[in-house]
Structure formats: structure tokens, C-alpha cells
Amino acid sequence: MVARDALRVPIRIDDSFEAIDWMEVKADLAADDFDNGHSPEALRLSFARSQHVVFARDGARVVGMARLLSDGVCNAYLLDVWTASSHRRQGIGSRMVRQLAEQVPGQHIGLQTDDAANFYRALDFRPQPEFFSLVVGSWLENEATAAECTSRGPTGRSVACHHRRVPGHRRYGCSGSSSSSVDSTSSGRPTICGR
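Under my numbering, read the sequence shown as residues 8 to 202, first letter to last.
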């Protein structure tokens with residue numbers, strides 16, 4: 008009898024966008040509590056517009072992904088590192104991060120994490136003293152997402168939607184009401200997320 012793992016196709020890591028079902032990826036991210044409110048199209052755009060990307064595939068299914076933003080000189084930012092829960096603890100995440108890091112020799116790579124500090128320490132990342140962030144306007148309301156969410160209301164007038172925000176989500180979004188179209192302090196300045 009052949010062992011089940013012997014029949015398994017090895018995980019392939021590449022940078023090809025070919026044959027990615029973004030709806031399926033979005034559903035898998037949501038199932039793993041890694042959904043940040045992107046639509047499948049906004050998720051695709053965020054990867055397409057990144058300088059470096061990797062996808063881990065088990066056969067035809069995407070089971071991991073990560074991307075890296077870089078100025079091409081001295082600074083890069085690693086984000087959206089995800090491995091499907093069914094495929095964790097097999098070295099896939101480490102392989103993806105190393106493959107991306109190899110694309111930016113000599114650059115400082117920053118990242119933000121709430122729950123994977125030990126994973127990144129094992130890859131020789133070191134904590135930085137502080138990290139600050141700012142969301143100008145409302146999370147995910149920008150040119151990249153505007154075209155996909157314009158629709159017609161009951162009167163036939165054009166109505167812009169507001170992407171589903173994830174209030175208080177441990178990875179994304181500010182705490183507070185998800186119904187507000189603009190988050191601001193009482194002074195009218197944009198809310199600082201702190202995440």
C-alpha cells in the first residue's frame with residue numbers, strides 16, 4: 008500500500024498569476040480568519056501592483072501567498088503573508104518569505120505582525136522599537152477600489168458603495184463603526200489606526 012503523502016504533489020512556489028481563482032482565494036482567506044475586507048478584484052490588484060509576489064500551490068489550488076513592496080534601493084515592506092491552515096508547519100511560509108527576500112538584496116525589509124513574531128524571529132527578523140500607521144480617509148476607499156463598486160441605486164442614480172471594513176480586526180481596520188463613510192476625529196482629521 009502506498010502512503011498517502013507519497014501520492015501528494017509537492018508544493019510549488021512561483022510568481023505566476025496564471026490560473027488563480029481570486030474568488031476561491033478570497034473564500035480561503037476568510038475561512039482562515041485572514042480576510043481584510045478586500046474584494047477579490049481589489050485583492051488581485053494589490054498583488055498585481057506589488058513589485059514582488061509569490062504563490063504557493065498544491066496542484067492547482069493556491070495554498071499560500073505573500074507580497075513585497077520595494078523602492079528598489081534601500082527599503083521594502085513585506086505583507087499579506089498567508090499559508091492555508093491545512094498546509095501550515097510544512098515550511099511553506101518560510102520558503103515564500105525567503106524567496107521574496109532574495110529579490111531585494113541589501114534592502115531593509117519591514118513588516119507588521121500581531122501574532123507571528125516567533126515565525127519572523129526564526130527567519131532572522133528583529134523587532135523594531137515602534138511602528139506607526141495612518142489611514143487617510145476610510146480604509147479601502149480609493150481609486151483602485153472605486154471602479155469596481157460603483158452601482159445603480161433604485162432611482163437609477165449612480166451610488167458608490169463602501170467596502171466592508173473589519174472594525175477591530177486584529178490585522179486590519181480601525182475600531183469603531185463600520186457604517187461611517189469617513190472616519191475622523193472631532194477635529195475632522197483622519198483617524199489614526201494604530202494597527
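Ideal Cβ positions, reconstructed from N, Cα and C, are used throughout, including at glycine. Since this is a predicted model, take the numbers as computed values, not measurements.
A73 and L85 look like a contact to me (Cβ under 8 Å); what is the Cβ gap, rounded to whole Å? By one-based count along the sequence shown, residue 73 stands at place 66. By one-based count along the sequence shown, residue 85 stands at place 78. Contact between A73 and L85 holds, since their C-beta atoms are separated by about 7 Å, short of 8 Å.
Look at the alpha carbon of A34 and the alpha carbon of F139, and state the distance between them as a whole number of angstroms. Taking the sequence shown and counting its residues from 1, the one referred to as residue 34 is at position 27. Taking the sequence shown and counting its residues from 1, the one referred to as residue 139 is at position 132. If I take the Cα positions, the gap works out to 30 Å.
Can you tell me whether G98 is helix, strand or coil according to DSSP? Against the sequence shown, residue 98 aligns to sequence position 91. If DSSP states are grouped into helix, strand and coil, G98 belongs with coil.
Where M30 falls, given that 16 or more other Cβ within 10 Å makes a residue buried: For this step, residue 30 is matched to residue 23 along the sequence shown. Flag for M30 reads exposed.
Is it true that the CB of I27 sits closer than 8 Å to the CB of V69? One-based indexing of the sequence shown puts residue 69 at position 62. One-based indexing of the sequence shown puts residue 27 at position 20. Yes; because the gap between Cβ atoms is below 8 Å, this pair is in contact.
Where in the segment 40-69 do unbroken runs of the beta strand (DSSP E), each at least 3 residues long, occur, reported from the N-terminal end onward? For the segment 40-69, whole beta strand (DSSP E) runs of length 3 or above, ordered along the chain, are 59-65.
Bridge-paired residues (DSSP) for L75: As a position in the sequence shown, residue 75 is number 68, starting the count at 1. Beta-bridge pairing links L75 to H59 and L85.
Rounded Cβ spacing between I20 and D65 (contact assumed at less than 8 Å): To locate residue 20, count along the sequence shown from 1; it is residue 13. To locate residue 65, count along the sequence shown from 1; it is residue 58. Not confirmed; about 11 Å, so no contact.
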